[in-house]
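Chemist:
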Amino acid sequence: MNQEELAIASVPIQHWGQIYEPDKAFCRGTIFPDLDKPFYVTETGGADKSASSQGSILKAMENQGKKQEEYSLRQIQEISFVLDDLRLYLDTHPRDVNGLELLKTAAQKRKELLREFARNFYPLTGDCMAEIYETNPASECYCWQSGPIPWEGGCV
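Shown next, in the form of structure tokens:
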């Protein structure tokens, strides 16, 4: 009987390094340039660069006069992505001072963006509604009715 050998995987430890800005990280799918590897090669033999051009979407949206609401939602999506990627990194590097500091900064930035969005448009989360109610109990904004309901595409 022929016995097959299993492969032994070797995964190098990731070290903290340079990180992308939130808009580029969101488009590239990682905050870490070291992990940003092409999945396929174009006919010219180079990596496809189309995703990197997507990093300018926010600037294009501003220049084209798109609604501030869309711009604000995009900022929230980007900083939320940064937080998710950092949480994954910190799962394996729980004491990394750089990662923890960026997590703290990004969490605060997300909180501010959500607060500002709720103030200017409508609440996106239950926490946003609670904060509106805490600061102004007479507010009629303690519900989803002032904007699209999230599960019906309001947060897309």
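Its first residue numbered 1, the sequence shown is counted upward by one per residue in full-length UniProt numbering. Where a beta carbon is used, it is the ideal one built from N, C-alpha and C, also for glycine.
(1) When DSSP labels each residue in this structure, what does V97 get in the three-state scheme?
(2) For Q77, which residues from the same chain have a beta carbon less than 8 Å from its beta carbon, with the 5 sequence-adjacent residues on both sides left out?
(3) Where A51 and S72 are concerned, what is the direct C-alpha to C-alpha distance, given to the nearest angstrom?
(4) What is the residue span of the alpha helix (DSSP H) that F81 lies within?
(5) Is A107 near L83, with beta carbons less than 8 Å apart?
(6) Can you give the Cα-Cα distance for N98 and E4, rounded to whole angstroms?
(7) Would you decide whether Q75 is buried or exposed? Buried here means 16 or more other CB atoms lie within 10 Å of its CB.
Modeler: Concretely, from the data shown:
(1) DSSP places V97 in helix when its eight states are reduced to three.
(2) Non-local beta-carbon contacts of Q77 in its own chain, meaning distances under 8 Å to residues more than five positions away in sequence, involve F26 in chain order.
(3) Because A51 carries a pLDDT of 47, less than 50, the predicted location of this residue cannot be relied on, and the following value inherits that uncertainty. The alpha-carbon separation between A51 and S72 amounts to approximately 21 Å.
(4) That run of the alpha helix (DSSP H) goes 68–92.
(5) Cβ atoms of A107 and L83: closer than 8 Å.
(6) The alpha-carbon atoms of N98 and E4 are separated by roughly 44 Å.
(7) It is buried - the Cβ of Q75 has at least 16 other Cβ atoms within 10 Å.
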